[in-house]
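Here the structure comes first, spelled out in C-alpha cells, and everything after it is commentary.
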Amino acid sequence: MIAAALAALATSVGVGAHEYRFGVYRTAVPAGAVRFNLHDFGEDAHNLVVLGPGGYRSAVSPDVRPGVDVAFQVRLRRPGVYRLICLKPGHAAKGMRATLRVR
137 MIAAALAALA TSVGVGAHEY RFGVYRTAVP AGAVRFNLHD FGEDAHNLVV LGPGGYRSAV
197 SPDVRPGVDV AFQVRLRRPG VYRLICLKPG HAAKGMRATL RVR
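In our numbering, the protein residues as written are 137 to 239.
See the structure below:
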C-alpha cells in the first residue's frame, strides 16, 4: 500500500529503447521521485543508467529483453541535466543516450 502511494507521487518518464537510441517521452521533471517506464522496442537487450550532474550514477535499471517493460523509481534531488545511457557494450557510443532536465 505504501509503495503504491509513493509510486503515485512520482513523476513518470516513459523511455523507449531502440537500436542505438532512446525515445524519452518527457524531457524535464521536477526534483523528487521519478518513475522510469522502460520498454525495449529493439532486437537486443538494453538497460537504462541515470547519471546525475557531475557524472555520478543515480540509478541502473535491470536489463530488459526485446518486447519487455521494466519500471524503476529513483529520487533525483539535484536540479540539473541528467544523462541517460545504455551500458551494453558499444551502445552509448553508437548513440544510445539522452538527457533529462531536473528543475
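All residues carry an ideal CB built from backbone N, CA and C; glycine is no exception.
Checklist entry - Any idea what DSSP makes of G191, helix, strand or coil? => result helix
Checklist entry - What are the partner residues of Y218, as DSSP defines its beta bridges? => result L236
Item to check | C-beta atoms of V210 and S197 nearer than 7 Å | outcome: no
Checklist entry - Excluding five sequence neighbours on each side, which residues of the same chain lie with their C-beta closer than 6 Å to the C-beta of T246? => result Because the chain spans 137 through 239 in this model, residue 246 falls outside it and cannot be assessed.
Checklist entry - Taking the beta strand (DSSP E) that S148 falls in, what are its first and last residues? => result T147 to H154
Next on the checklist: If contacts are defined as beta-carbon pairs under 8 Å, then F208 and A228 qualify, I think. What distance do you get, rounded to the angstrom?
Outcome noted: Not really, about 19 Å apart at Cβ, beyond 8 Å.
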